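Student: In the working numbering, the protein residues as written are 602 to 852.
Beta carbons: idealized from backbone N, C-alpha and C, even for Gly.
This one's a predicted model, so the numbers in the text were calculated from it and none came from an experiment.
A single structure is presented below for examination.
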Amino acid sequence: MDRAYSDAVRSLASDVIALQEVDFNLERSNSRNQSGDVAQVIGAAHWGFAPAISGTPGVKWRKLKPNEKVVFTAQNISESNESEYYGISIISKVPVKSWLRLELGRSLLGMPLAVGNEKGKMTLIYVKDEPRVAIAAVLDNGWTVINTHLSFIPFVNIYQLFKLSRWAKAIEREYSTKVILLGDFNLPGGIPSKLTLWKRATRSLSYPSWSPKISFDYILMREEFLRQSTEVTVPTLDISDHRPLSIDLIN
């Protein structure tokens with residue numbers, strides 16, 4: 602991990618970090634385990650990586666085999682057999698009791714997306730969708746963090762949101778835990794909190810990072826727990842086209 606990225610991650614000063622678009626052993630990122638690297642930078646003993654595909658998105662990839670639909674951690678990383686993956690992860694200084702994952706499927710159709718640069722110029726490109734997943738870390742402090750990256754295809758992401766919400770409620774019951782849902786939902790205007798019982802703990806705009814105009818990213822929880830959270834203003838970081846969101850929790 603380069604110095605700029607390490608400094609940016611360290612500046613977040615977070616006990617739990619959720620990442621989307623994470624590489625694992627991909628050549629484009631020097632065959633690094635990015636989740637493990639972030640854990641090392643912040644001094645976290647616990648990390649979990651949920652691959653969504655094998656290979657590089659937008660270049661060459663394949664769907665996961667049944668035995669690959671797991672959460673890789675420091676304890677089972679040898680089972681990856683040095684395969685190349687792309688997915689999402691959670692890094693935690695708080696001990697993790699259980700790691701879980703949910704398959705969310707994908708759209709069979711892609712669509713044109715407007716991709717911008719730092720000069721504000723937008724370019725339309727056709728993008729195929731990829732399989733989507735969610736990862737949950739059941740923490741030993743009474744909270745569970747669920748991270749996801751939903752499809753950019755309209756209505757498909759709504760279907761995934763409802764499936765994710767049902768899963769979160771099942772985790773609440775099974776583990777007697779309080780759930781935080783977060784990630785890139787690819788849904789603007791607070792849609793996730795309008796369609797489900799999960800309410801926004803953050804209000805900051807997140808995209809594009811250099812001049813945010815919209816929110817695709819959210820931290821959500823049940824309304825009765827909102828009083829236990831405070832949104833934290835995060836400085837602009839030049840490591841992503843999305844700005845990070847952050848909250849402080851009072852347990």
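(1) What does DSSP give as the partner residue(s) for residue 629 in the beta ladder?
(2) Run through DSSP, which three-state label would residue 852 get?
(3) Could you tell me whether the region 822-830 touches the region 773-785, where touching means 3 or more Cβ pairs closer than 8 Å?
(4) So, are the CB atoms of residue 672 and residue 739 less than 8 Å apart?
(5) Can you tell me whether residue 775 is buried or exposed? The criterion is at least 16 other CB atoms within 10 Å of its CB, across all chains shown.
(6) Measure the Cβ-Cβ separation of residue 707 and residue 730 and say whether it is below 8 Å.
(7) Hey, quick one: how far does the alpha helix (DSSP H) through residue 608 stretch, first residue to last?
(8) Work out the CA separation of residue 628 and residue 710 for me, nearest whole Å.
(9) Which class does residue 707 belong to by DSSP, given the choice of helix, strand or coil?
(10) Determine, using beta carbons only, whether residue 652 and residue 687 come nearer to each other than 8 Å.
(11) Name the residue from 835, 664 and 771 whose alpha carbon lies nearest to the alpha carbon of residue 745.
(12) Rounded to a whole number of angstroms, what is the C-alpha to C-alpha distance between residue 724 and residue 648?
(13) For a test of the three-state rule: what should DSSP assign to residue 813, helix, strand or coil?
(14) Considering only residues of the region 663-701, which uninterrupted beta strand (DSSP E) runs meet the minimum length of 3 residues and lie entirely inside it, listed in chain order?
(15) Taking buried to mean at least 16 other C-beta atoms within 10 Å of its own C-beta, is residue 676 buried or exposed?
(16) So what does residue 819 bridge to, in DSSP terms?
(17) Residue 794 to residue 760, Cα distance in whole Å?
(18) Inspect the CB distances between the region 652-672 and the region 631-641 and report whether three or more fall short of 8 Å.
(19) Short of 8 Å in beta carbon distance, which residues of its chain neighbour residue 852, apart from the five on each side in sequence? Order them along the chain.
(20) Tell me the DSSP bridge mates of residue 655?
(21) Going by beta carbon distance, what residues of the same chain come within less than 8 Å of residue 620, once the five residues before and after it are set aside?
(22) Going along the chain, which residues of its own chain have a beta-carbon closer than 6 Å to the beta-carbon of residue 835, five neighbours each way excluded?
(23) Whole angstroms is fine: what's the gap from residue 769's alpha carbon to residue 786's?
(24) Expressed to the nearest angstrom, what Euclidean distance is found between the alpha-carbon atoms of residue 800 and residue 674?
Tutor: Reading it off the structure:
(1) Counted from its first residue, the sequence shown places residue 629 at position 28. Note: residue 629 sits in no beta bridge, so no partner.
(2) Numbered from 1 along the sequence shown, position 251 holds the residue referred to as residue 852. In this structure, residue 852 counts as coil in the three-state DSSP scheme.
(3) As far as the Cβ criterion goes, the region 822-830 touches the region 773-785, which means the pair count is three or higher.
(4) The residue labelled residue 672 in the question sits at position 71 within the sequence shown. The residue labelled residue 739 in the question sits at position 138 within the sequence shown. No, Cβ-Cβ distance for residue 672 and residue 739 is not below 8 Å.
(5) One-based indexing of the sequence shown puts residue 775 at position 174. Burial call: exposed.
(6) Here residue 707 corresponds to residue number 106 of the sequence shown, with the count starting at 1. Here residue 730 corresponds to residue number 129 of the sequence shown, with the count starting at 1. In this structure, residue 730 lies closer than 8 Å to residue 707 by Cβ.
(7) Walking along the sequence shown from the start, residue 608 turns up at place 7. Start and end: 604-612.
(8) As a working note, residue 710 is residue 109 in the sequence shown. As a working note, residue 628 is residue 27 in the sequence shown. Answer to the nearest angstrom: the Cα atoms are 27 Å apart.
(9) Looking up residue 707 in the sequence shown gives position 106. Coil, per DSSP.
(10) Your numbering for residue 652 matches position 51 in the sequence shown. Your numbering for residue 687 matches position 86 in the sequence shown. Yes. Within cutoff.
(11) One-based indexing of the sequence shown puts residue 745 at position 144. The residue with the shortest Cα to Cα distance from residue 745 is 771.
(12) Residue mapping note: residue 724 aligns to position 123 of the sequence shown, counting from 1. Residue mapping note: residue 648 aligns to position 47 of the sequence shown, counting from 1. One C-alpha to the other measures close to 36 Å.
(13) Translated into the one-based positions of the sequence shown, residue 813 becomes position 212. If DSSP states are grouped into helix, strand and coil, residue 813 belongs with coil.
(14) 686-693
(15) As a first step, residue 676 is located in the sequence shown; it is residue number 75 there, counting from the start. The residue in question, residue 676, is exposed, as its Cβ has fewer than 16 Cβ neighbours within 10 Å.
(16) Locating residue 819 in the sequence shown gives position 218, where the first residue counts as 1. Answer is 784, bridged to residue 819.
(17) In the sequence shown, counting from the first residue as 1, residue 794 sits at position 193. In the sequence shown, counting from the first residue as 1, residue 760 sits at position 159. Roughly 14 Å separates the two Cα atoms.
(18) Counting Cβ pairs under 8 Å, fewer than three are found: no touch.
(19) Position 251 of the sequence shown, counted from the first residue, corresponds to residue 852. Taken in chain order, the residues that qualify are 742, 743, 744 and 829.
(20) In the sequence shown, counting from the first residue as 1, residue 655 sits at position 54. Beta-bridge pairing links residue 655 to 663 and 686.
(21) One-based indexing of the sequence shown puts residue 620 at position 19. Cβ within range, chain order: 635, 636, 639, 689, 690, 691, 692 and 748.
(22) Taking the first residue of the sequence shown as position 1, residue 835 is located at position 234. Answer for residue 835: 845 and 847, listed in chain order.
(23) As a working note, residue 769 is residue 168 in the sequence shown. As a working note, residue 786 is residue 185 in the sequence shown. Distance between the alpha carbons of residue 769 and residue 786 is about 15 Å.
(24) To locate residue 800, count along the sequence shown from 1; it is residue 199. To locate residue 674, count along the sequence shown from 1; it is residue 73. Using only the alpha carbons, I get a separation of about 30 Å.
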